[in-house]
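According to numbering that gives the first Met the number 0, the sequence shown holds residues 0 to 94 in order.
A virtual CB, placed ideally from N, CA and C, is assigned to each residue, including glycine.
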Amino acid sequence: MGEEDESIHESMNNFMKDTSSHIGEMANSIGYDKDLSKRRQNLQTKLAKLNITMTQKFKLSVVICQEEQSVDNFYGCKKEERQEYVEAILNGEIS
């Protein structure tokens with residue numbers, strides 16, 4: 000192989016590595032979005048297990064689902080912590 004061929008070969012290898020990296024990032028992002036969607040769909044079921052009124056459940060569902068971070072925070076809590084977490088939201092201690 001000549002110098003020009005080696006340069007083209009090296010460029011193609013670099014392009015393929017970069018493309019592979021970007022495809023992996025896109026796949027991770029799609030996976031997170033899919034997981035987030037499932038969590039939002041299951042939120043009503045999780046809230047139903049807590050000691051709250053139906054109106055509070057609806058309000059919490061809206062508040063928690065508005066932000067990805069809030070969904071992650073709710074599901075990041077241990078089951079025994081979720082009651083206190085939602086009470087803090089309802090009391091305005093967490094927004």
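The DSSP-derived three-state label of E92 is coil. Annotation for K56: the continuous alpha helix (DSSP H) segment containing it runs M53 to Q65. Within the same chain, Cβ atoms closer than 7 Å to the Cβ of E67 are found at L35, the five residues on either side in sequence being excluded. Spatial neighbours of N50 in its own chain (CB-CB distance under 7 Å, excluding positions within 5 residues in sequence) are listed in chain order as Q82. Collapsing the DSSP output to three states places L49 in coil.
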